[in-house]
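Respectively, the protein sequence lines represent chains A and B. Going by our numbering, 909 is the number at position 35 of the first sequence; the sequence numbering is gapless. Going by our numbering, 843 is the number at position 571 of the second sequence; the sequence numbering is gapless. Every residue, glycine too, gets a C-beta built ideally from N, C-alpha and C. Only one structure is covered here, and it is reproduced in the block below.
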Amino acid sequence: MRLNVNGNSLEIDADPDMPLLWALRDIAGIMGPKFGCGIAACGACTVHIDGVPVRSCSLPVGAVEGEITTIEGLSKGGELHPVQQAWLEEQVAQCGYCQAGQIMTAVALLDEIAEPTDEDIDNAMGGNLCRCGTYPRIRAAVKRAAALKTAEL
Amino acid sequence: MASIGKIARRTFLLGAAAVAGGVAVGYWYVSRPYENPLEGEVAKGEATFNPYVKIASDDTITVIAPRAEMGQGVATTLAAFVAEELDVTLDRIKVEHGPASYAYYNAEMLAESGPFNFFDDSFLAEMTRSALGTVGKVLGLQGTGGSTSARDGFEKMRQAGAATRAVLMQAAAARLSLPVAELATENGRIVHARSGRSVSYGEVALDAASIAPPKSVTLRDKKDWKLLGKTQQRVDMHDKVTGAPIFGIDVRLPDMLYATVLISPVFGAKPVKADTSKAEKMSGVIKIVPLETVYGSGFGVIAKNTWAAFKGAEALDVEWGKPVNPADTDGLMQVIADAATKGEGDVMRNDGDVETAFADAPQAQLIEAEYRVPYLSHAPMEPMNCTAQLKDGHLTVWAPNQMPTLIRWLCADLAGVPLEQTTVHTTYMGGAFGRRGEIDYALYATLIAKEADGHPVKVTWTREEDMQHDCYRSAFIARMRARLGDDGLPQALDLRVAGQSMMASLVGRIFPGRSAPGPDNTTTDGSHNQPYTIPNYRVTGIKAPLTLPVSFWRSVGNSQNGFFHESAMDEIAHAGKTDPIELRRKLMREFPAAVAVVDKVAAMSNWGEKLPEGKAKGFAFVLSFGSWCAQVVQIAQTPGGIKLEKMWIAVDVGTALDPGIIEQQMVSGAIFGLSAAMNQKITFADGRVEQSNFHDFDAMRIFQAPQFEVAILENYHRMGGVGEVGTPPAAPALANAVFALTGKRVRSLPLSDEVVFA
Ligand code: FES
Ligand code: FES
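Rendered as structure tokens:
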């Protein structure tokens, strides 16, 4: 089957029942989306399909239609995406394992709400677990990213 | 599994080698007991100066961080030690994890495990501290834990930087034919101010490597620090915001196979009957491998990809043996309760005469209570995994781990290859919290690699396997009685803490057949060594006779004792009609560092202000890992349940090496403690863990996280740790706040068994 990932069309030889996460990681070698729970409970595996954040651990690869974006596809031309830039400036990550998922969710949030409140952030990001407890900095980084994005326009 | 004799002999040989090697000329620390493991590993045009620094002709400076990065920012701080003395900015430095080598032993990790309280500065305590450090050297124990990494590296790595700078200066002097005294360093160059001539570090690196380093170096005074003491950009941040494949689970090698494990869910049991035929026939499954180690027995499933391995493991039909411990939580807790009530224990603190103090106590002045905490899983975000390859008599292991030398010993033994033919690579870790100080994942991967015809195999556990095969934080029960004086202050406090011994469990796994002699500090750590002065004060630790696998969980003994001791203090304060903070000021007056953090957090949180109806604050203090930490949490009753609004933290770390990382670790530690206090418990039925994933063992979510304000103090004269210090006071601060809000004293965790959180 063919998958459209980060602007590339890839031929994937996989059981259609295989979750997208494992097709990306084990077969396509795209390691950004992480395995955390396998049951859509932690958000570590979050990718976008046509801009919508989905839990790739719980989506059979055979059911995927549309353009997939992973964290690897966020930065354009060597420039970090404003959300990544904000994450860097706020020094959000600790172990970093959940952060690809956090960033993908935050990107989708900001595409929908340009200037989210704390409550918007808490609502949108509640499905992304962070065992290192980076939440206060995530809130700050989402707001900084919102400002960076507005400044870019 | 390694036989005891073999391990003991190796340990002994190491000791001998350490002594024999000790006479070698020393420069990077007093003596040089181990070979520099980087010699023989350097690339062409690259020079190594000591086990911590490599400089290449193209000016690439590499610092080896011998402690593992699990999120606590240690890679950044360790690199800053070298950079400070080498006189370069941090962005000039590349950081690598060290190979598993005895040269990177961690002295601090053992120093804190002695029987003396941290604040006891007596000669004897100092002696013990350094003697145990020597044991670290002898065992060559390279480990990350006990919030020790920065403290251990503080001297060694700054000396490494200074010694390297010294030989670079000498080489430059020779190259430029100028006296050393006229040269200075400036961000990676050696310059002669008068003539304007200069060379870069890289240009003279190879010359410098052949110069004998100075016998002693003078380190920069704290007031001259350019990097240390200031917040640095974390060296790993760019990789972590771009999704770089840096974790163990991201290892990808040519011809690699994938695997998973299915280990007996009944602890200590073996498979009684197994039908593997269905699994063997599954598409993508290559081979089923029986596994047996001291950690557990079961099967490995080798497959073409991880998903196929998971499906194969699901298809295994296995009947497991009977549990050797009581099969359910009630039965387990009964054993611990019996130990708490009548078990014989080790008295870890005994001031005054507790028995006499209670003998004539009038009933009205007595308080008695029982506290309980459950078993807990570590549940780091990255599930256990490990990649191993056994090819041409060489074993290579890639593991996100906290104990590389131990993995090297035991996996070599298991694979039947000599130690010299065994390489361990430490990857970045997606969290650890103590879990990756165990080595089960590496043992299983080694056994699986033996059956993989020379292919590398990446073994990934499902979350369910991870949660149901942890080495847990033991459940504990504490029985407390206190006698109040007429002034409301405690005249006597007697605390009996019972639970499984972590040290006994650990020793049993690493040295099968041996038992850990003597008292286990970790049972009462956080209760027996707190800076309170009470005339009659006794703390007893009792080992409960159970053999479930238990181990170090972020902040170790302090994780349960913080809750016991500080809940007790809060009860004493209320019973004696003393404000909880006022009580601490009085009882800790002999320790100004403690009183200072208490005062600070009281001021920050405006303690004592009148709060609107439906809001309340709780306070707790714990001295752990050499740092003094006071916390206040404010909570509010909302229609959806209790909401955590804000937490204030004041911590004295002695010397603050990187305030940004310290702030982050305090918040991280507190959230870790709050997560457990609010919701987490591991329970047992039929000898198995009942929880399996984040739906029934969840942690705090962003919408539950309070706001934080952290103050860092530097009053105490010795440096403390930071990675675990925020955890111990979090649970009691919250429980004490719940009491203030609701009048309900919750003495058993998690709190959600009794109250509802929003
Ligand atoms: S791995 Fe997909 S949500 Fe946890
Ligand atoms: S940064 Fe470690 S889990 Fe989020």
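Any C-beta of chain D under 8 angstroms from that of residue i
i: Val513 of chain B; result: The displayed structure is made up of protein chains A and B, and chain D is not among them.
Residue i - DSSP class collapsed to helix/strand/coil
i: Ile913 of chain A; result: coil
i: Glu867 of chain B; result: Reading the sequence as shown, one finds Val at residue 867 of chain B and not Glu. It is helical.
i: Lys553 of chain B; result: helix
i: Gly603 of chain B; result: helix
i: Lys495 of chain B; result: helix
i: Val596 of chain B; result: coil
i: Ile987 of chain A; result: coil
i: Leu358 of chain B; result: helix
i: Arg1005 of chain A; result: coil
i: Leu767 of chain B; result: strand
i: Pro1010 of chain A; result: helix
Chain B contact for residue i (CB, 8 angstroms cutoff)
i: Cys919 of chain A; result: no
i: Asp889 of chain A; result: yes
i: Pro893 of chain A; result: yes
i: Pro1010 of chain A; result: yes
i: Ala967 of chain A; result: yes
i: Met875 of chain A; result: no
i: Leu962 of chain A; result: yes
i: Asp900 of chain A; result: yes
Element boundaries [beta strand (DSSP E), containing residue i]
i: Val619 of chain B; result: Asp618 to Asp623
i: Asn657 of chain B; result: Asn657 to Lys663
i: Leu884 of chain A; result: Asn882 to Glu885
i: Phe944 of chain B; result: Here Phe944 of chain B belongs to no beta strand (DSSP E); instead the alpha helix (DSSP H) covers Pro931 to Asn951.
i: Ile333 of chain B; result: Ile333 to Ala337
i: Asp547 of chain B; result: Pro543 to Asp547
i: Gly572 of chain B; result: Ser569 to Ala575
i: Lys815 of chain B; result: Asn808 to Lys815
Residue i - containing alpha helix (DSSP H), residue span
i: Leu715 of chain B; result: Asp712 to Lys722
i: Glu963 of chain A; result: Pro956 to Glu963
i: Pro852 of chain B; result: Pro852 to Leu859
i: Trp1043 of chain B; result: The shown model of chain B, from 273 to 1030, leaves out residue 1043 of chain B, and the question about it has no answer.
i: His846 of chain B; result: Gly829 to Ala847
i: Trp733 of chain B; result: From DSSP, Trp733 of chain B is part of no alpha helix (DSSP H); its letter is neither H nor E.
i: Ile782 of chain B; result: Met774 to Ile782
i: His666 of chain B; result: Looking at the DSSP string, His666 of chain B is not in any alpha helix (DSSP H); the run it does join, the beta strand (DSSP E), is His666 to Ala671.
Per DSSP, the bridge partner or partners of residue i
i: Phe519 of chain B; result: B:Tyr700
i: Tyr744 of chain B; result: B:Val822
i: Cys901 of chain B; result: B:Val894 and B:Val923
i: Asn878 of chain A; result: A:Ser883 and A:Glu941
i: Trp681 of chain B; result: In DSSP, Trp681 of chain B forms no bridge with anything.
i: Lys923 of chain A; result: It should be pointed out that residue 923 of chain A corresponds to Ile in this sequence rather than to Lys. The partner list for Ile923 of chain A (beta bridge, DSSP) reads A:Val926 and A:Ile942.
i: Phe1029 of chain B; result: B:Ile914
Check: residue i C-beta below 7 angstroms from any heavy atom of ligand 3
i: Arg1005 of chain A; result: Absence of ligand 3 from the depicted structure is noted, with ligand 1 and ligand 2 being the only ligands included.
Any chain A beta carbon closer than 8 angstroms to residue i
i: Met653 of chain B; result: yes
i: Gln979 of chain B; result: yes
i: Ala971 of chain B; result: yes
i: Pro1001 of chain B; result: no
i: Arg735 of chain B; result: yes
i: Gly932 of chain B; result: yes
i: Arg304 of chain B; result: For Arg304 of chain B, the predicted structure reports a pLDDT of 37, less than 50, and the residue's modelled location is therefore unreliable. A value from the coordinates is still provided. It does not: the Cβ of Arg304 of chain B has no partner Cβ on chain A nearer than 8 angstroms.
Check: residue i C-beta below 7 angstroms from any heavy atom of ligand 2
i: Gln973 of chain A; result: yes
i: Cys969 of chain A; result: yes
i: Thr1008 of chain A; result: yes
i: Gly703 of chain B; result: yes
i: Met653 of chain B; result: yes
Residue i CB to nearest heavy atom of ligand 1 below 7 angstroms
i: Phe969 of chain B; result: no
i: Ala980 of chain A; result: no
i: Ala998 of chain A; result: no
i: Ser827 of chain B; result: no
i: Ser799 of chain B; result: no
i: Gly912 of chain A; result: yes
i: Gly515 of chain B; result: no
i: Gly520 of chain B; result: no
i: Ser932 of chain A; result: yes
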